[in-house]
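Shown next, in structure tokens, is the structure this report addresses.
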Amino acid sequence: MDLELFGTLGPACHDVKRLKRMIESGMNGIRLNLSHGSLEEKQDWIAALHEAQKETGQRVTLLVDLRERELRIQDMEPLDLETGSCVGFGTDIPADRALCSLITPGMTIQLDDGRVKLRALNLNADGSWDCEVLQGGCLQGRKSCALEGAPIPFSPLCEDDLKNLDNARRFGVTALMVPFVQSARDLETVRRELTHRGLNLRLYAKIENEEGCRNLEKILPLADMIVIARGDLGQDTGLVRLPGIQRDLERRCQRGGKPWMVVTELLASMVQSPVCTRAEANDVFRAVADGASAVMLTNETAAGQWPEEAMDMLCRLAREGLREREALASAVCDGRPLDH
Ligand SMILES: Nc1ncnc2c1ncn2[C@@H]1O[C@H](COP(=O)(O)OP(=O)(O)O)[C@@H](O)[C@H]1O
Ligand SMILES: C=C(OP(=O)(O)O)C(=O)O
1 MDLELFGTLG
11 PACHDVKRLK
21 RMIESGMNGI
31 RLNLSHGSLE
41 EKQDWIAALH
51 EAQKETGQRV
61 TLLVDLRERE
71 LRIQDMEPLD
81 LETGSCVGFG
91 TDIPADRALC
101 SLITPGMTIQ
111 LDDGRVKLRA
121 LNLNADGSWD
131 CEVLQGGCLQ
141 GRKSCALEGA
151 PIPFSPLCED
161 DLKNLDNARR
171 FGVTALMVPF
181 VQSARDLETV
191 RRELTHRGLN
201 LRLYAKIENE
211 EGCRNLEKIL
221 PLADMIVIAR
231 GDLGQDTGLV
241 RLPGIQRDLE
251 RRCQRGGKPW
261 MVVTELLASM
271 VQSPVCTRAE
281 ANDVFRAVAD
291 GASAVMLTNE
301 TAAGQWPEEA
311 MDMLCRLARE
321 GLREREALAS
331 AVCDGRPLDH
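For the sequence shown, UniProt numbering begins at 1 and goes up steadily by one.
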């Protein structure tokens with residue numbers, strides 16, 4: 001079988017030379033997260049990708065990830081937040097009022113996949129919140145925001161998404177990632193918009209919260225790929241439950257005959273280091289050995305210091321995992337003992 005090996009396109013890897021090297025390592029798909037800008041705004045990056053494909057003679061899936069509207073803070077300069085200090089959410093940390101309106105007193109606000117945590121104290125007249133910094137750090141603009149216990153005001157497509165879909169053919173988009181899929185209806189809505197535009201894109205459904213997990217069996221028939229999106233999912237479930245939930249989703253995809261992708265922090269230390277940890281090597285290997293059809297890097301290629309090395313490592317570990325899986329399958333088939 002062919003594995004799908006994805007990177008994420010970002011400021012760290014949008015030039016032809018880097019993209020070519022990543023393709024030569026085995027990258028056969030790349031995700032563009034539209035939460036950070038439209039197809040039109042990223043047209044130079046997409047042109048570089050097309051050039052790299054031409055020069056290598058390899059086809060690469062261009063997978064666009066729809067916007068997660070209210071679930072992010074807005075653009076800002078990096079802000080150093082000290083644990084125990086006070087900060088304005090909606091002022092010092094710019095955030096849209098619809099997002100602020102979901103906050104209740106005492107709620108924990110997790111930013112940047114839980115790297116920074118705030119507690120909401122007082123609501124101000126302008127709709128912003130005074131917050132205590134529970135866990136400080138350097139916070140950048142447009143990072144994710146999760147509100148513990150609050151419902152996600154999810155409608156799968158916003159105005160910007162529709163504009164991006166109008167431009168999808170022009171930019172050579174071949175697949176679509178849908179964030180926060182919580183029901184079959186979410187995917188039906190997206191599919192209707194695609195059909196309306198005569199687009200036949202593969203749908204990668206991101207399972208990012210417990211509601212999506214609960215409804216997996218209803219979501220499976222409408223998705224081409226289930227994405228176990230461990231970033232947001234881990235915020236919703238907590239890190240201690242996350243590995244078990246990943247396994248449960250994998251088994252249910254397998255039972256339902258649906259391919260799945262494992263993403264987020266696969267090689268997180270390679271954002272800063274040219275080598276990964278043993279635990280990360282094991283994570284990628286096991287994800288594929290246990291049956292994943294696809295794996296994807298996020299920060300490592302989009303914003304890391306070693307995008308080419310990270311992609312090369314991902315591809316090599318994933319191939320090793322696939323060899324293990326195939327060896328095991330053929331041993332079972334021949335009734336041989338399961339040693340090597
Ligand atoms: N299209 C983009 N434009 C600008 N920055 C980007 C883009 N894509 C990714 N990045 C940067 O790379 C980081 C990782 O990207 P991504 O995987 O989309 O993560 P996240 O959804 O957590 O922001 C982003 O937080 C951002 O700093
Ligand atoms: C890949 C994920 O989504 P995003 O990068 O949009 O936070 C995730 O939550 O695991």
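Quick reminder that beta carbons are idealized off the backbone N, C-alpha and C, glycines included.
Where residue i sits in the DSSP three-state scheme
i, result
"residue 276", "coil"
"residue 64", "strand"
"residue 8", "strand"
"residue 304", "coil"
"residue 292", "coil"
"residue 33", "strand"
"residue 80", "strand"
"residue 73", "coil"
"residue 203", "strand"
"residue 262", "strand"
"residue 238", "coil"
"residue 297", "coil"
"residue 171", "coil"
"residue 2", "coil"
"residue 59", "coil"
"residue 85", "coil"
"residue 284", "helix"
"residue 335", "coil"
"residue 40", "coil"
"residue 330", "helix"
"residue 315", "helix"
Reference residue i, options the options, closest by Cα
i, options, result
"residue 393", "309, 227, 253", "The structure shown does not extend to residue 393, since the chain is modelled only from 1 through 340, so no value can be given for it."
"residue 314", "28, 12, 37, 11", "28"
"residue 362", "279, 207, 117, 99", "No answer is possible for residue 362: it lies beyond the span of the chain, which begins at 1 and ends at 340."
"residue 57", "20, 121, 288", "20"
"residue 252", "122, 48, 228, 119", "228"
"residue 121", "115, 131, 114, 127", "131"
"residue 140", "296, 312, 77", "77"
"residue 188", "63, 98, 220", "220"
"residue 82", "148, 138, 283, 156", "138"
"residue 176", "320, 44, 63, 8", "63"
"residue 316", "283, 302, 328", "283"
"residue 230", "197, 144, 185, 198", "144"
"residue 17", "45, 32, 40, 2", "45"
"residue 210", "323, 248, 333, 320", "248"
Beta strand (DSSP E) segment containing residue i, residue limits
i, result
"residue 245", "No beta strand (DSSP E) contains residue 245, which is instead part of the alpha helix (DSSP H) from 242 to 255."
"residue 47", "Careful: residue 47 lies outside any beta strand (DSSP E), inside the alpha helix (DSSP H) at 43 to 56."
"residue 229", "225 to 229"
"residue 176", "175 to 178"
Unbroken alpha helix (DSSP H) run spanning residue i, endpoints
i, result
"residue 216", "216 to 219"
"residue 268", "First-last for residue 268: undefined, no H or E at that position."
"residue 18", "16 to 25"
"residue 209", "Counting along the chain, residue 209 falls outside any alpha helix (DSSP H), and DSSP gives it neither H nor E."
"residue 188", "184 to 196"
"residue 160", "159 to 167"
beta-carbon residue i near ligand 3 non-hydrogen atom, thresh 7 Å
i, result
"residue 298", "The ligand content of the structure shown is limited to ligand 1 and ligand 2, which means ligand 3 is not among them."
Buried/exposed call for residue i, threshold 16 Cβ in 10 Å
i, result
"residue 236", "buried"
"residue 279", "exposed"
"residue 36", "buried"
"residue 337", "exposed"
"residue 276", "buried"
"residue 255", "exposed"
"residue 182", "buried"
"residue 110", "buried"
"residue 200", "exposed"
"residue 305", "exposed"
"residue 1", "exposed"
CB contact below 8 Å: residue i versus chain C
i, result
"residue 287", "The structure shown contains no chain C, having only a single protein chain."
Taking only runs of the alpha helix (DSSP H) that begin and end inside the region 87 to 148, which ones reach a length of at least 4 residues, in chain order?
97 to 100
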